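The structure appears below as structure tokens.
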Amino acid sequence: MFQKRDGTSREPIPHPPEAGKIRVTWIGHASFLIQFPDHSVIIDPNWANWHGVVKRQREPGLDLHLMPLVDLVMV
Numbered sequence: 004m005f006q007k008r009d010g011t012s013r014e015p016i017p018h019p020p021e022a023g024k025i026r027v028t029w030i031g032h033a034s035f036l037i038q039f040p041d042h043s044v045i046i047d048p049n050w051a052n053w054h055g056v057v058k059r060q061r062e063p064g065l066d067l068h069l070m071p072l073v074d075l076v077m078v
């Protein structure tokens with residue numbers, strides 16, 4: 004029932020999607036990067052290893068240093 008996870012993740016390509024499409028990248032927990040061809044939105048950004056007393060089980064889905072510029076941050 005409870006399995007140990009290795010915590011590895013793929014690094015998504017953070018470039019904008021082609022016209023008429025969107026790209027959604029799950030970063031972890033409730034954090035998402037939503038990319039439109041001309042705009043980027045990040046929802047509930049969180050790269051912390053600890054959330055109160057709960058430890059992150061896997062690495063974030065996107066390295067903070069690879070984050071593209073964003074137009075809107077929603078918290």
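Using my numbering, read the sequence shown as starting at 4 and increasing by one per residue. C-beta: ideal position from N, C-alpha, C; glycine also. Predicted model, so just to flag it, every value in this text is computed and none were measured.
Taking the Cα of Val76 as reference, the smallest distance to any Cα among Val44, His18, Arg26 is reached at Val44. Judged by DSSP secondary structure, Gly31 falls within the beta strand (DSSP E) whose first and last residues are 26-31.
Closest option to Arg59, judged by alpha-carbon separation, among Pro19, Ile37, Ile30, Pro20: Ile30.
Here the alpha carbon of Val56 sits roughly 15 Å from the alpha carbon of Asn49. In the structure shown, Leu65 adopts coil according to DSSP, grouped into three states.
Here Leu72 carries a coil assignment [DSSP, helix/strand/coil].
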